[in-house]
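Peer 1:
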Amino acid sequence: MNEKISELRKQFEAELQNVKDAAELENMRVGYLGKKGSITAILKDMGKISDEERRTLGQEVNVLKNEVADKLAAKKEELARLELEEEINSTPDIDISIPPVLERGSYHPITLVQRQCENVFKSMGFTVEDYSEVVTDYECFEALNIPKYHPARDMQDTYYLENGQLLKSHTSAAQNAIYKKYGKDLIEKGVPIKAIFPGRCFRNEATDACHENTFFQMEGVMVDKNISISNLIYFMKTMLSEVFNRDIKVRLRPGFFPFVEPGFELDINCEICGGEGCPSCKHSGWLELCPCGMIHPEVLKAGGIDPEEYTGFAFGLGLTRLAMMKYSIKDIRDLNSGSLDSMSQFTDDE
Ligand code: PHE
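Quick note: to get our numbering, add 81 to the position in the sequence shown (first position is 1).
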């Protein structure tokens, strides 16, 4: 065999081994088979040799030429495969062939009513405050005129931490902080305090269709000069008619809470039985929805506000109750059940 040819073959094999990517491979192809390539050069020189030699050399060159072309093609495929493998290995495990889930998620019914209430109060100039779930005894009770060993604490037995803090039993626990936060603007600039604070509350309850150990309330306070019970009733009625999209029958009866004086219970007609009586309303036809009242002077004082000069109202709307009424949910325990089947059927109808 022609020495030059076997030399070329060896050189080709060695180079092919070291090729790392498609660009290098292409350079090789040009170097061997291109117009100025080494194999092409041998073919071009054939004119200079004898017929005899040309026949054998011609055959050998052609064999080499085909061999080089085949091997280059095979290498090209191999490189492409390696590149793809590398790409697959470097992408995270996402199966892009799975069809997308087009189902929409849904809000929890309590989130829905909370947002509706927030919007109503925001439109009336109230700020929406956020407050912690773990509070001190002072915030939850003492600042609200409920001293240690006061019997009113019995109604609000809750969960205590070893450090003496507790899970708030009502959103009223944020009142003191709100008065301190906005009191300065009220006193110095005459800006009324108008705030709502929704939140999760906890109580040591025996659970049944209308009692849960974890539930939601939305507190609201307004403090200014000359605030009266009529202001309270106006805001309550506006909020309820917005949330239910129609006039709701309410009744106000006296209620005792140490942090308001006078204190009321605002009840709404039970939407589930239409007032006839059912387990959800303890067979009374009415549902306690919103305890409220005029803020007790001691509570204003604890918040740094002079009760001789300022008055205010406070309410503690039961968001959980409201959601149950609005969406006719019969058992309060469904709300914390985590059951998507029952909780995903409510939509925002606004
Ligand atoms: N915090 C009281 C409760 O949960 C409700 C309430 C709030 C009453 C504000 C009056 C004023 O029982």
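Just so you know, even glycine gets a beta-carbon here, dropped at the ideal spot from N, CA and C.
1) What does the alpha-carbon distance come out to for the pair His364 and Val324?
2) In the structure shown, what three-state DSSP assignment does Glu300 receive?
3) Run through DSSP, which three-state label would Asp289 get?
4) In its own chain, which residues sit with a C-beta less than 7 Å from the C-beta of Gln237, not counting the 5 before and 5 after it?
5) Whole beta strand (DSSP E) runs in the segment 342 to 427 with 3 or more residues, listed along the chain?
6) For Thr401 versus Leu416, is the C-beta spacing smaller than 8 Å?
7) Bridge partners for Tyr241 per DSSP, in chain order?
8) Assign Pro279 to buried or exposed, taking buried as 16 or more other Cβ atoms, counted over all protein chains shown, within 10 Å of its Cβ.
9) Buried or exposed: where does Val144 fall if 16 or more other Cβ atoms within 10 Å of its Cβ makes it buried?
10) Less than 8 Å between CB atoms is the rule here; does Met424 satisfy it with respect to chain C?
11) If you draw a straight line from the C-alpha of Gly336 to the C-alpha of Glu346, how long is it?
12) May I ask you to check if the CB of Pro372 is nearer than 7 Å to at least one heavy atom of the ligand PHE?
13) Which same chain residues, not among the five before or five after Thr428, have their C-beta less than 6 Å away from its C-beta?
14) For the structure I just gave you, are there three or more beta carbon pairs, one from the segment 304 to 312 and one from the segment 389 to 401, closer than 8 Å?
15) Determine the burial state of Leu248: buried for a count of at least 16 other Cβ atoms within 10 Å of its Cβ, exposed for fewer.
16) Need the endpoints of the beta strand (DSSP E) that Leu333 sits in, please.
17) Would you mind giving the Cβ-Cβ distance between Ile444 and Val302, rounded to the nearest angstrom? I have them listed as a contact below 8 Å.
18) I need the DSSP call for Val215, collapsed to helix, strand or coil.
19) Under 8 Å, with one C-beta from each stretch per pair, do the segment 225 to 233 and the segment 172 to 189 reach the 3-pair mark?
20) If you follow the beta strand (DSSP E) that Ile277 is part of, which residue opens it and which one closes it?
21) Report the CB separation of Leu153 from Leu124 in whole angstroms; it is logged as a contact under 8 Å.
22) Reducing DSSP to helix, strand and coil, say where Val201 ends up.
23) Should Gly344 and Glu357 be called a contact, given that it needs their Cβ atoms to be closer than 8 Å?
24) Mind checking which residues open and close the alpha helix (DSSP H) that includes Ser322?
25) According to DSSP, is Val144 part of a helix, a strand, or is it coil?
26) Expressed to the nearest angstrom, what Euclidean distance is found between the alpha-carbon atoms of Ser187 and Pro372?
Peer 2: Reading it off the structure:
1) 24 Å
2) strand
3) strand
4) Ser250, His251, Arg284.
5) Fully enclosed beta strand (DSSP E) runs of 3 or longer: 367 to 376, 392 to 399.
6) Taking 8 Å as the cut-off, the beta carbon of Thr401 is found closer than this to the beta carbon of Leu416.
7) Leu247
8) buried
9) exposed
10) In the structure shown, chain C cannot be found, because there is only a single protein chain.
11) 5 Å
12) yes
13) Spatial neighbours of Thr428 in its own chain (CB-CB distance under 6 Å, excluding positions within 5 residues in sequence) are not present.
14) yes
15) buried
16) 331 to 335
17) Given that the chain is displayed from residue 82 to residue 431, the structure contains no residue 444 and the question cannot be resolved.
18) strand
19) The segment 225 to 233 is not in contact with the segment 172 to 189.
20) 274 to 283
21) No, Leu153 and Leu124 are not in contact; Cβ-Cβ is about 17 Å, not under 8 Å.
22) DSSP, reduced to helix, strand and coil, places Val201 within a helical segment of the structure shown.
23) no
24) 310 to 325
25) Here Val144 sits in helix by DSSP.
26) So the two alpha carbons sit approximately 30 Å from each other.
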